[in-house]
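Structure, as structure tokens:
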Amino acid sequence: MARESFAIGNVRVRAGSAKSVELPITRLVTGGDASLPVHVVHGKDAGPVIWVNAAIHGDEVLGVEVIRRVMTDLDPKTLRGTVVFVPVVNVLGFMNGDRYLPDRRDLNRMFPGSARGSLASRIARLFMDEVVSKCELGIDLHSAADKRDNYPQIRADLDDPVTRKLAQAFGAPVMLHAKLRDGSLRQAGLDVGARVLLYEAGMAMRFDEAPIRVGVAGVLRVLTAMDMIDLRPELIEPPYVEECRSSGWVRARGTGILHLEVDLGAEVREGQRIGGLSDTLGRRVRLVHADRTGVVIGLTRAPIVNAGDAIVHIAN
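Numbering (the UniProt record's numbering), first residue to last: 1 to 316.
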């Protein structure tokens with residue numbers, strides 16, 4: 001018996017085929033339309049339905065490249081199930097290289113949204129109705145905020161056995177048990193019965209080859225773990241993954257020019273010196289010490305910091 005077509009927007013995608021769709025968002029002041037670009041790969045054979053998205057924050061471009069590479073690796077003739085790719089969720093922010101939407105709202109705090117709400121709320125509602133509600137799992141691709149850098153990591157509910165198994169299969173160097181935030185895609189997905197893996201890696205507005213490769217391999221490993229594809233043997237077994245249960249930022253206790261002595265992925269011990277602050281004449285004004293034992297999963301790339309600024313993110 002032939003598999004049914006996949007409906008999205010006003011389009012139906014036949015089994016064993018792939019199709020790109022534009023979902024209308026809003027009318028621009030110029031008179032043109034802004035649309036949400038979606039690419040559906042609807043496998044010939046039955047299987048799970050998942051989505052992969054990037055650029056909920058418009059300056060997080062790394063995930064867009066991850067999706068581009070994964071899409072070229074999938075064949076709808078052999079895929080078991082369906083993958084809905086949304087490479088750019090925050091279309092208007094992406095066009096401007098801006099983390100936020102023109103109304104200055106953070107899209108990842110607006111889910112599940114409202115069809116009659118703000119622009120951000122309407123995009124969130126559209127994404128929920130047309131994508132999330134039709135899927136059982138989502139992979140949400142992110143990068144660090146401006147002037148920060150993230151070590152490749154999966155953030156998820158590791159207390160859920162299925163989610164933990166998929167996070168392990170992804171194979172990022174770190175998987176972090178992360179609390180849900182109100183208005184986030186992870187929270188909204190859970191509310192409608194969809195599990196979500198959040199991949200964090202790299203910097204805003206930058207393609208970093210190493211975390212891109214980790215992301216591509218990770219998505220393909222998850223598809224393999226869900227028996228949707230047959231993966232190349234060298235990618236099936238993920239590398240060692242460090243499980244972390246909590247994390248926190250070391251903050252500057254003074255103002256100055258920052259000189260870090262650790263990098264992403266470094267293992268540090270509580271009390272260890274990890275950097276220092278100096279003034280413009282080179283005089284050391286403050287040392288920076290780790291406040292816990294763990295692995296460095298994020299840090300600032302800004303050379304100038306003020307008292308209270310987040311410097312190094314340590315997961316333990």
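Positions of the beta carbon are idealized from the N, C-alpha and C atoms, including for glycine.
Could you check the C-alpha separation between residue i and residue j for me, to the nearest Å?
| i | j | result |
| --- | --- | --- |
| P239 | A252 | 34 Å |
| L185 | T26 | 21 Å |
| G32 | L119 | 16 Å |
| F127 | R105 | 16 Å |
| V3 | M226 | It is Arg, not Val, that sits at residue 3 in the sequence shown. Spanning the two alpha carbons is a distance of roughly 19 Å. |
| P233 | V285 | 53 Å |
| G113 | A18 | 28 Å |
| N90 | L101 | 7 Å |
| R221 | I236 | 6 Å |
| I139 | D129 | 17 Å |
| V268 | A34 | 46 Å |
| T72 | G43 | 14 Å |
Measuring alpha carbon to alpha carbon, tell me which of the options ends up nearest residue i.
| i | options | result |
| --- | --- | --- |
| D146 | V13, D59, M128 and L223 | D59 |
| S246 | G193, H313 and V285 | H313 |
| G298 | A315, N306 and G193 | A315 |
| T300 | E267, A204, P161 and L176 | A204 |
| A54 | V219, A2 and K165 | V219 |
| L264 | L281, D279, G294 and V285 | G294 |
| L180 | R116, R269 and A188 | A188 |
On the CB-based measure, 16 or more other CB atoms within 10 Å of its CB, does residue i come out buried or exposed?
| i | result |
| --- | --- |
| T78 | exposed |
| N150 | buried |
| S133 | exposed |
| R283 | exposed |
| S121 | buried |
| N108 | buried |
| N306 | exposed |
| L287 | exposed |
| M95 | exposed |
| P152 | buried |
| L28 | exposed |
| A124 | buried |
| G193 | exposed |
Cutting at 6 Å between CB atoms, please list the residues of its own chain near residue i, excluding the five before and the five after it.
| i | result |
| --- | --- |
| H259 | G275 and G276 |
| W249 | A310 and H313 |
| G47 | R80, G81 and M228 |
| V84 | V40, W51 and V131 |
| R164 | L158 |
Counting only the same chain and skipping the five closest in sequence on each side, list residues whose C-beta sits under 8 Å from that of residue i.
| i | result |
| --- | --- |
| R69 | I212 and V216 |
| D230 | T78 and T224 |
| G63 | N53, A54, A55, P87, L141, H142, S143, Y199 and G215 |
| D182 | R109 |
| D159 | H177 |
| D191 | P112 |
Considering only residues of the same chain and omitting the five flanking positions on each side of residue i, which have a CB-CB separation below 7 Å?
| i | result |
| --- | --- |
| P303 | I257 and L258 |
| Q272 | H289 and A290 |
| V21 | I8, G9, V11, V38 and V40 |
Start-end ranges of the beta strand (DSSP E) lying completely within the stretch 62-120, minimum 3 residues:
80-86
Threshold first: 3 residues or longer. Then list the beta strand (DSSP E) segments lying entirely within the stretch 239-314, N to C.
242-244, 247-251, 256-260, 273-278, 284-289 and 294-300
Fully enclosed by the stretch 180-234, which alpha helix (DSSP H) runs are 4 residues long or longer?
185-191 and 209-225
Counting only runs of 3+ residues fully inside the stretch 120-148, write out the beta strand (DSSP E) ranges in chain order.
137-142
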